[in-house]
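Under our numbering, the final residue of the sequence shown carries the number 143; numbering is consecutive throughout.
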Amino acid sequence: MKRDWDTVRDVLTKLEGLPNTDHYLSLGNFELTDANAAYAISYHMELLIEAGLVEGKMSRVLGGGPINFTATRLTWTGHEFLDAIRSDTVWNKTKETFTTKGLDMTFETIKAVAAAAMTSMLGLSA
Numbered sequence: 018m019k020r021d022w023d024t025v026r027d028v029l030t031k032l033e034g035l036p037n038t039d040h041y042l043s044l045g046n047f048e049l050t051d052a053n054a055a056y057a058i059s060y061h062m063e064l065l066i067e068a069g070l071v072e073g074k075m076s077r078v079l080g081g082g083p084i085n086f087t088a089t090r091l092t093w094t095g096h097e098f099l100d101a102i103r104s105d106t107v108w109n110k111t112k113e114t115f116t117t118k119g120l121d122m123t124f125e126t127i128k129a130v131a132a133a134a135m136t137s138m139l140g141l142s143a
């Protein structure tokens, strides 16, 4: 399965929206259109936990199916990354930059391009 940065952004935004750390995010918190959507959310949550952007735990069960999870909060790195891509304007400009240049999106390059987009929008020189 390929990484989908829109899914990453959606998951981070949903997790940040929890009222406090007594609450958690699980697969049941997402509106899932089909099994593929559930697999995609599970997969991306596992990547986010592995990358250290989210604090949580994957809950594998026998018999297969999408893996449920319990995510409790964003880490500092998760907050920093989401802060860079939260704005729809910045996010769309970031994606457009990668598309027009024909480049793949990576964590570090997304942060750099989003920062450049914000700098440009603020009228600041780099």
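For every residue, glycine included, the Cβ atom is placed at its ideal position computed from N, Cα and C.
On a predicted model such as this, the values are computed, not experimentally measured, just so you know.
Distance between residue j and residue i (C-alpha atoms, nearest Å)
i: T177; j: K112; result: Absent from the structure is residue 177, since the part of the chain shown begins at 18 and ends at 143.
i: A101; j: L141; result: 16 Å
i: L139; j: D27; result: 25 Å
i: T50; j: S43; result: 16 Å
i: R77; j: T92; result: 23 Å
i: G80; j: N53; result: 17 Å
Own chain residues within Cβ distance below 8 Å of residue i, not counting five before or after
i: L64; result: R20, V25
i: Y41; result: L35, G73, T87, A88, T89
i: M18; result: Y56, A57, Y60
Residue span of the alpha helix (DSSP H) that contains residue i, given as start and end
i: L91; result: Here L91 belongs to no alpha helix (DSSP H); instead the beta strand (DSSP E) covers 85-91.
i: R26; result: 22-33
Which of helix, strand or coil DSSP assigns to residue i
i: E48; result: coil
i: M122; result: coil
i: M18; result: coil
i: A68; result: coil
i: K137; result: Reading the sequence as shown, one finds Ser at residue 137 and not Lys. Of the three classes helix, strand and coil, the one that applies to S137 here is helix, per DSSP.
i: G81; result: coil
Delimiting residues of the beta strand (DSSP E) encompassing residue i
i: V71; result: 71-76
Identity of the residues DSSP links to residue i by a beta bridge
i: L42; result: A88
Close Cβ partners of residue i (< 7 Å) along its chain, the five nearest in sequence each way excluded
i: T94; result: G69, L70
i: M122; result: W22, F115
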